[in-house]
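Visitor:
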Amino acid sequence: MGDKLIDRLPAPEIAGAIIPWFTPANRPSADRIEETAGLIQALGCELAFLRPEQVRRVNSAQLLSGGILNRLADDLEASDCTLAVVDGALTPVQQRNLEKKLGVKVIDRTGLILEIFGLRARTKEGRLQVELARLLYERSRLVRTWTHLERQRG
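Using the working numbering, the first residue of the sequence shown is number 20, and each one after it goes up by one.
#1: Excluding the 5 residues preceding and the 5 following R2 in the sequence, name in chain order all residues of the same chain whose CB lies nearer than 8 Å to its CB.
#2: Considering only residues of the same chain and omitting the five flanking positions on each side of L88, which have a CB-CB separation below 7 Å?
#3: Where does F41 sit, in a helix, a strand or coil, going by DSSP?
#4: Where do the ends of the beta strand (DSSP E) carrying V105 lie?
#5: How far does the alpha helix (DSSP H) with A97 in it extend, from its first residue to its last?
#6: Tell whether a beta-carbon distance below 7 Å holds between A56 and S98.
#7: What does the Cβ neighbour count give for G35, buried or exposed, with the cut at 16 atoms within 10 Å?
#8: Compute every distance between the C-beta of D127 and the non-hydrogen atoms of the ligand FAD, then say whether any falls below 6 Å.
Pasting the structure below:
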């Protein structure tokens with residue numbers, strides 16, 4: 020086993036982010052926006068844009084509705100972003116569908132925090148703890164990724 024336990028992608032250089040909110044009561048405050056920007060910068064990324072987006076109608080397949088998704092795709096492309104951050108929780112299906120639609124790596128808040136912990140873990144015990152947390156998080160995201168190895172049913 021090598022020194023690097025965490026299988027990370029190279030740190031993306033440019034990231035775009037949105038903070039979805041659903042009701043006026045959970046509209047993100049200035050502190051929340053500042054915190055999200057700090058997390059992205061802690062990952063070593065340049066922040067191209069960060070904006071709150073009100074989601075009026077939740078799309079279970081990709082969380083975001085068509086208009087928000089199209090604006091996000093345009094902004095990511097215009098900014099040459101290699102990472103999209105959704106500051107909220109995404110289901111594995113939503114994350115996969117957003118990656119297909121946007122054409123960049125998509126991570127949610129939990130994934131972002133795990134990436135930061137992975138970068139900053141110094142001791143062997145710390146790296147193992149982060150690796151365990153990452154594996155538990157990614158376990159549910161591995162569904163249907165190895166279907167080509169399944170036996171054919173008759």
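All residues carry an ideal CB built from backbone N, CA and C; glycine is no exception.
Guide: Taking the geometry as given:
#1: Since the first and last residues shown for the chain are 20 and 173, residue 2 lies out of range.
#2: Position 69 of the sequence shown, counting from 1, holds the residue named residue 88. Excluding positions up to five away in sequence, the list reads Q81 and K120.
#3: Here the question's residue 41 lines up with position 22 in the sequence shown. Coil, per DSSP.
#4: Position 86 of the sequence shown, counted from the first residue, corresponds to residue 105. V105 -> beta strand (DSSP E) spans L102 to V105.
#5: Position 78 of the sequence shown, counted from the first residue, corresponds to residue 97. Note, A97: alpha helix (DSSP H), G85 to A97.
#6: Looking up residue 56 in the sequence shown gives position 37. Looking up residue 98 in the sequence shown gives position 79. No, the pair does not count as a contact, with Cβ atoms beyond the cut-off.
#7: Reading the sequence shown from its first residue, position 16 is the one you call residue 35. Here G35 is buried. Its C-beta has 16 or more other C-beta atoms within 10 Å.
#8: Looking for the ligand FAD in the displayed structure turns up nothing, as the structure carries no ligands at all.
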